[in-house]
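Here is the structure we will look at, set down as structure tokens.
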Ligand code: ITT
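Written as structure tokens, this is what we have:
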């Protein structure tokens, strides 16, 4: 049986394959990416919440493919910016990256702009949180939503080469010596917003897709 991830972000697909590996093995589910359905157009992310946008993405792909679909909408909420970039994280420095080829470039532009905006903010006011909404949509059923977060602070400059997006400037409270881009994949998934949201989704997957 297949379950489709409603994302064009290869980094999310990579992390979710690991986070969901046990539940997928137990339920006999094969994860496929939205890239396997090029005929299905992207939905515009018009909602103002992570959960709202994740729901748009999951329900559109479930309806188009007839398969159970999981979506992730996520971003970085910075205290001193009143929660921004938030749902605008992927398009903070301008239009959305879209295809993966331009994603790294776009991630760098977003991160550079954010660092400029908080350049003069002192240590004690650099609090931030990564937030993730996970939505499971199954054709003919009500969608299920789970959220996860990880709290931390913004660094003054980028450090590390793992992960993606704002990872090089996010120092999680769990380990103030490193940015998330200095964590291994396994270490990041163990504490991340995405790990927390999709681990909360596990019992729902077992209940709804168990045989
Ligand atoms: P899809 O909509 O196709 O899933 P996307 O990357 O556009 O891909 P979002 O709209 O949810 O996804 O935007 C998420 C952005 O938030 C992402 O591009 C990063 O800039 C940031 N972000 C989310 N999770 C992150 C993480 O684990 N590490 C670093 N940055 C992250």
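Numbering (full-length UniProt numbering), first residue to last: 3 to 213. The beta-carbon is built from N, C-alpha and C at its ideal position, and this holds for glycine as well. Quick caveat: nothing in here was measured; it's all calculated off a predicted structure.
Report the rounded CA-to-CA distance for residue i versus residue j, giving the unit in angstroms.
i           : j           : result
residue 136 : residue 127 : 29 Å
residue 35  : residue 63  : 11 Å
residue 13  : residue 122 : 31 Å
residue 72  : residue 186 : 24 Å
residue 66  : residue 38  : 12 Å
residue 11  : residue 92  : 11 Å
residue 207 : residue 96  : 36 Å
residue 50  : residue 25  : 30 Å
residue 17  : residue 150 : 14 Å
residue 189 : residue 171 : 16 Å
residue 47  : residue 20  : 26 Å
residue 58  : residue 44  : 10 Å
Restricting to Cα atoms, I'd like to know which of the options is closest to residue i.
i           : options              : result
residue 161 : 154, 92 and 169      : 169
residue 75  : 209, 7 and 42        : 7
residue 83  : 18, 119, 96 and 154  : 119
residue 124 : 114, 158, 93 and 105 : 158
residue 141 : 210, 132, 85 and 131 : 210
residue 81  : 116, 166 and 59      : 116
residue 104 : 177, 167 and 45      : 167
residue 129 : 43, 20 and 178       : 178
Enumerate in chain order the residues of its own chain whose CB-to-CB distance from residue i is below 7 Å, with the five nearest sequence positions on each side excluded.
i           : result
residue 212 : 29
residue 22  : 33 and 200
residue 15  : 7, 9 and 35
residue 94  : 87, 112, 115 and 116
residue 191 : 17, 20, 21 and 197
Report all residues from its chain with a CB closer than 6 Å to the CB of residue i; omit the five preceding and five following residues, and keep chain order.
i           : result
residue 4   : 32, 34 and 69
residue 173 : 154, 155, 157 and 181
residue 79  : 85, 88, 131 and 133
residue 152 : 132, 174, 193, 194 and 195
residue 198 : 150
residue 56  : 73, 75, 135 and 137
Less than 8 Å between C-beta atoms, sequence neighbours within five positions excluded: which residues of the same chain meet that for residue i?
i           : result
residue 203 : 72, 136, 138, 146 and 148
residue 184 : 161, 162 and 164
residue 77  : 52, 87, 88, 89, 90, 91, 92, 132 and 133
residue 60  : 8, 71, 72, 73, 137, 138, 139 and 145
residue 42  : 36, 62, 63, 66 and 67
**Asked** For the 8 Å Cβ check, are there 3 or more pairs between the region 109 to 116 and the region 131 to 146?
**Response** With contact defined as three or more Cβ pairs closer than 8 Å, the region 109 to 116 and the region 131 to 146 are not in contact.
**Asked** Around the ligand ITT, which residues pass a check of Cβ closer than 5 Å to any of its heavy atoms?
**Response** Taking a cut-off of 5 Å from the heavy atoms of the ligand ITT, the residues with a C-beta inside it are 9, 10, 11, 75, 76, 77, 91, 92, 167, 168 and 169.
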